[in-house]
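Quick note, the sequences are listed as chains G and A, same order. No gaps in the numbering here: position 210 of the first sequence is 210 in UniProt numbering, and each next residue is one more. No gaps in the numbering here: position 36 of the second sequence is 36 in UniProt numbering, and each next residue is one more. Just so you know, even glycine gets a beta-carbon here, dropped at the ideal spot from N, CA and C. Quantities reported herein were computed from a predicted structural model and do not represent experimental measurements. Notes for the one structure printed next.
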Amino acid sequence: MQPFGLSFARALGTVALGLGLVLPGLARAQAPAGAANTFDAVKSRGQLVCGVNTGLAGFAQPDSQGVWRGFDAEYCRAIAAAIFGDATKVRFVPTTAQVRFTALQSGEVDVLSRNTTWTLSRDTSLGLDFAATNFFDGQGFMVKTSLGVKSAKELEGATICVQPGTTTEQNLSDWSRANRIKFTPVVIERLEEIVGAYISGRCDAYTTDVSGLAATRSAQPKPDDHLILPEVISKEPLALGVRQGDARFADVVRWTHFLLLSAEEFGVTQANVDKMANDPRPEVKRMFSKDGGLGPMLGLPELWAVNVVKAVGNYGELFDRTLKPIGIQRGPNALWTTGGLQYSPPFR
Amino acid sequence: MSQTTIDPRSLRAPPRRPLRLSWSDERVRAIVWQVLVVGVIGAIVWWLWSNTVHNLEVRRIATGFGFLGREAGLPIAESLIEYSPTDTYLRALTVGLLNTLKVAVVGIVLATILGTVIGIARLSKNWLLAKIAAVYVEVIRDLPLLLQLLFWYALLQGLPGPRQALNPVQGVFLSNRGLKLPWIEWQDAHSFALIAFLLGAAGTWLYRRAAIAKRMQDGRPRAVWPVAVGAMLVLPVAVWAALGAPWVVDWPALRGFNFRGGLNMSPEYFALLLGLTLYTAGFIAEIVRAGILAVPGGQWEAAQALGLHPGQVLRQIVLPQALRVIVPPMTSQYLNITKNSSLAVAIGYQDIVSIANTTLNQTGQAIEGIAIIMLVYLTISLSISFFMNWYNARIALVER
Numbered sequence: 001m002q003p004f005g006l007s008f009a010r011a012l013g014t015v016a017l018g019l020g021l022v023l024p025g026l027a028r029a030q031a032p033a034g035a036a037n038t039f040d041a042v043k044s045r046g047q048l049v050c051g052v053n054t055g056l057a058g059f060a061q062p063d064s065q066g067v068w069r070g071f072d073a074e075y076c077r078a079i080a081a082a083i084f085g086d087a088t089k090v091r092f093v094p095t096t097a098q099v100r101f102t103a104l105q106s107g108e109v110d111v112l113s114r115n116t117t118w119t120l121s122r123d124t125s126l127g128l129d130f131a132a133t134n135f136f137d138g139q140g141f142m143v144k145t146s147l148g149v150k151s152a153k154e155l156e157g158a159t160i161c162v163q164p165g166t167t168t169e170q171n172l173s174d175w176s177r178a179n180r181i182k183f184t185p186v187v188i189e190r191l192e193e194i195v196g197a198y199i200s201g202r203c204d205a206y207t208t209d210v211s212g213l214a215a216t217r218s219a220q221p222k223p224d225d226h227l228i229l230p231e232v233i234s235k236e237p238l239a240l241g242v243r244q245g246d247a248r249f250a251d252v253v254r255w256t257h258f259l260l261l262s263a264e265e266f267g268v269t270q271a272n273v274d275k276m277a278n279d280p281r282p283e284v285k286r287m288f289s290k291d292g293g294l295g296p297m298l299g300l301p302e303l304w305a306v307n308v309v310k311a312v313g314n315y316g317e318l319f320d321r322t323l324k325p326i327g328i329q330r331g332p333n334a335l336w337t338t339g340g341l342q343y344s345p346p347f348r
Numbered sequence: 001m002s003q004t005t006i007d008p009r010s011l012r013a014p015p016r017r018p019l020r021l022s023w024s025d026e027r028v029r030a031i032v033w034q035v036l037v038v039g040v041i042g043a044i045v046w047w048l049w050s051n052t053v054h055n056l057e058v059r060r061i062a063t064g065f066g067f068l069g070r071e072a073g074l075p076i077a078e079s080l081i082e083y084s085p086t087d088t089y090l091r092a093l094t095v096g097l098l099n100t101l102k103v104a105v106v107g108i109v110l111a112t113i114l115g116t117v118i119g120i121a122r123l124s125k126n127w128l129l130a131k132i133a134a135v136y137v138e139v140i141r142d143l144p145l146l147l148q149l150l151f152w153y154a155l156l157q158g159l160p161g162p163r164q165a166l167n168p169v170q171g172v173f174l175s176n177r178g179l180k181l182p183w184i185e186w187q188d189a190h191s192f193a194l195i196a197f198l199l200g201a202a203g204t205w206l207y208r209r210a211a212i213a214k215r216m217q218d219g220r221p222r223a224v225w226p227v228a229v230g231a232m233l234v235l236p237v238a239v240w241a242a243l244g245a246p247w248v249v250d251w252p253a254l255r256g257f258n259f260r261g262g263l264n265m266s267p268e269y270f271a272l273l274l275g276l277t278l279y280t281a282g283f284i285a286e287i288v289r290a291g292i293l294a295v296p297g298g299q300w301e302a303a304q305a306l307g308l309h310p311g312q313v314l315r316q317i318v319l320p321q322a323l324r325v326i327v328p329p330m331t332s333q334y335l336n337i338t339k340n341s342s343l344a345v346a347i348g349y350q351d352i353v354s355i356a357n358t359t360l361n362q363t364g365q366a367i368e369g370i371a372i373i374m375l376v377y378l379t380i381s382l383s384i385s386f387f388m389n390w391y392n393a394r395i396a397l398v399e400r
């Protein structure tokens, strides 16, 4: 069978070589389109695809008409308003804690506006960049009032409900080690299931970001039956995520956030934004007038700032509309002028 | 089978022709087609591979299995081996693998027992028993497994909290934290007793084989049970007693929020085991029923005519023949139970899928994570297939 084997190998080599020359072109041709320039891709698509939570009151949750409501959802609208001048040109894609990064990496969504903590390892190894921290949060615990627990230090031996694949899970094990508190985790991915396990009493405590706890608490029939413990065990800067190496689009997302902050700082609201083109303050005039020239530097329309504020209001208005009703105070998310952490670089 | 006989077919084989480089040559055509098919498949695989690697590079996503040595930091509720969040991802994944095996192996044993009982019950002459078995099979088979798992989990969550736990017998507590049982404090003497038991079981099996072989020669039945009791009960107890007979019971007790001590079966594990067992037993029951019905009625009658009592007929005549029909589809059910255990994710049992998912989420290395999951299931499934195929060949009809 020698001749057969030889000719077989040779022919196989030829075929492989031929295909090898043809296919790399194919493979290389389509990769960058998805990855490199999201800004142009979004503009030519005419729609922003925004990755949001699967349903977290105050942040992103569809209302009875199926319209997405909440802080994160409004950020999606703000970015769409900046790019298209039309806040409705958004498609919301609900993502679980586990699939969110894959959804962004693979190009299924353009931007993640979804309670995602900015950490070093995520920034470096997940192929994404964090554009701006739009909500400063921290991890806490919620227990049933009937349990009689007043401090997280009393949770020795407790069963704690936690979502997998989150920084929450890792903070929890760090915290338990640091404080020598032993606990039993119950780890379920879906938010509804994990909250269900906490409510049914399978867990003594439920841990996630304090904002998430407040959202869950407010959604219960009797919020007073649940107590958020005073300890905050971590820093959770919740940030807007974009793909890595996508600087132009990251700029648009980042400056949309800064615009919302500056608008609040200068007292520009949804109601008075139209009058700001003739404002005596130079920076405000630059931002909101037709010939300020800042929009085109970002590749956006001249009146992008007006469009954004008209669509969603300033940061304070947005916060009061979405998060205040579920009992979240401004806290560290107040403007720097009132002692908070939210600070915008100058619009110049 | 003598060596001197020449196979006449080799004499009739056509003479070998030289290979002509022409389309009309059958062998040339065959080679060209095979090269094309293999080449196309190879090129597709290569293309997928290079495209993936390139895209990962463009998106600056880390690759490789280096993350396995890093600290996992993820808490795991139940583990067969020592584990703490400071251990590596590799150890966390090992814990997940063992958790998958724990539910799959126990599930396979329980589903086989339950399925066989229900399958036989469905053929029973007792009308009520047969109908109950039939209803069970129809109901269980027709509902999606995920739904059943969520149902059992919700049911177990409905149990009272640990402070109001049901306490039917001293030391046994049933609450929404799981089932707590008293357990002995494991010492070396117990391990040696267990080894003695396993040796005794092997010895009993060898004795039984020898006894059957002797019976084949002289026709006299020999009792196996005295040897079994001696080797599997008296010997381990003697070993245990000789090593000081340690006996300290670890009673579960409510301290703080939860029970401490004793043996724990979590609601997650219990719900998954219950769901998988009941679901798969429904299918196994039908396989067993089909296997028994496949044995011709004449076999029953012939066996009875020889004077065997009904139990003997079932054990010695019918079941060995039914097994030949039962084993191949049974293999599929064992594979199903293993793969279906991945639904554990939905109810929070930390099996290999759950832990690999968390790992890939924390490290961002989805392709490596999925590859690990696939490798684990492939290995387990091939092992089951291999064993069942070996068993099937062993019990196959020996044609004389």
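Nearest CB-CB separation between Glu108 (chain G) and chain A: not below the 8 angstroms threshold. Boundaries for Ile233 (chain G): no beta strand (DSSP E) harbours it, and the DSSP string shows neither H nor E there. Exclusion of the five residues before and after Val306 (chain G) leaves Val273 and Phe288 as the residues of its chain whose Cβ lies within less than 6 angstroms of its Cβ. Within the segment 357-382 of chain A, Asn357, Thr358, Asn361, Gln362, Thr363, Gly364 and Ala366 place their CB atoms closer than 7 angstroms to a CB of chain G, listed in sequence order. Approximately 13 angstroms separates the beta-carbon atoms of Ala356 (chain A) and Gly364 (chain A); this is outside 8 angstroms, ruling out the contact.
At least one CB atom of chain A sits nearer than 8 angstroms to the CB of Ser200 (chain G). For Phe130 (chain G), the closest alpha carbon among the candidates G:Phe136, G:Thr116 and G:Phe59 is that of G:Thr116. With respect to the C-alpha of Gln157 (chain A), the residue from A:Ile380, A:Trp205 and A:Glu268 having the closest C-alpha is A:Glu268. The C-beta of Thr102 (chain G) comes closer than 8 angstroms to at least one C-beta of chain A.
Judged by DSSP in its simplified three-state form, His54 (chain A) adopts helix. The Cβ atoms of Trp183 (chain A) and Leu263 (chain A) sit closer than 8 angstroms to each other. Inclusion of Val252 (chain G) and Phe39 (chain G) in the CB contact set at 8 angstroms is warranted, their separation being smaller than that value. Restricted to the segment 180-239 of chain G, the alpha helix (DSSP H) segments that are unbroken, complete and at least 4 residues in length are 191-200 and 210-219, listed in chain order. With a threshold of 16 other beta carbon atoms within 10 Å, Lys180 (chain A) meets it and is buried. Annotation: the continuous beta strand (DSSP E) that includes Val162 (chain G) extends over Thr159 to Val162. Taking the Cβ atoms as the reference, Ile373 (chain A) lies roughly 19 angstroms from Leu126 (chain G), outside the contact range of under 8 angstroms. Minimum Cα-Cα distance from Val237 (chain A) among the listed residues A:Tyr207, A:Leu166, A:Phe270 and A:Ile195 corresponds to A:Ile195. The contact set of Gly51 (chain G) on chain A, defined by CB atoms closer than 9 angstroms, is empty, because the minimum CB distance reaches about 14 angstroms.
A distance of 8 angstroms or more separates the beta carbons of Phe141 (chain G) and Thr159 (chain G). At a cut-off of 3 residues, the continuous stretches assigned as beta strand (DSSP E) that sit fully inside the segment 166-218 of chain A are 173-175 and 178-181. Using a 10 angstroms sphere on the CB of Met297 (chain G), the tally of other CB atoms stays under 16, which defines it as exposed.
Note on geometry: alpha-carbon atoms of Ile199 (chain G) and Arg217 (chain G) lie some 10 angstroms from one another. The beta carbon of Gln304 (chain A) sits no closer than 8 angstroms to any beta carbon of chain G. Under the 8 angstroms criterion on CB atoms, Thr168 (chain G) is classed as non-interfacial with respect to chain A.
The CB of Ser125 (chain G) comes closer than 9 angstroms to the CB of Arg60, Ile61, Ala62, Phe67, Thr363, Gly364 and Gln365 in chain A, given here in chain order. Looking from the CA of Pro160 (chain A), the closest CA among G:Arg202, G:Lys150 and G:Trp175 belongs to G:Arg202. For Ala247 (chain G), no Cβ of chain A is located within less than 8 angstroms of the residue's own Cβ. Straight through space, the alpha carbons of Leu276 (chain A) and Ile337 (chain A) are spaced by roughly 6 angstroms. Straight through space, the alpha carbons of Ile181 (chain G) and Glu156 (chain G) are spaced by roughly 5 angstroms. Following the DSSP letters along the chain, one finds Lys43 (chain G) inside the alpha helix (DSSP H) bounded by residues Thr38 to Arg45. Here DSSP, grouped into helix, strand and coil, assigns Pro75 (chain A) to coil. Taking each of G:Glu231, G:Phe249, G:Leu48 and G:Ser211 in turn and checking the Cα distance to Ser176 (chain G), the smallest one comes out for G:Glu231.
Chain G places no beta carbon closer than 8 angstroms to that of Gln148 (chain A), leaving this residue out of the contacts. The beta carbon of Pro237 (chain G) lies closer than 7 angstroms to those of Thr117, Trp118, Thr133 and Phe136 in the same chain, with the five residues before and after it left out. Remark: fewer than three beta-carbon pairs, one from each stretch, lie closer than 8 angstroms, so the segment 90-103 of chain A and the segment 117-130 of chain A are not flagged as touching. Look at Asp204 (chain G): its C-beta is under 8 angstroms from a C-beta on chain A.
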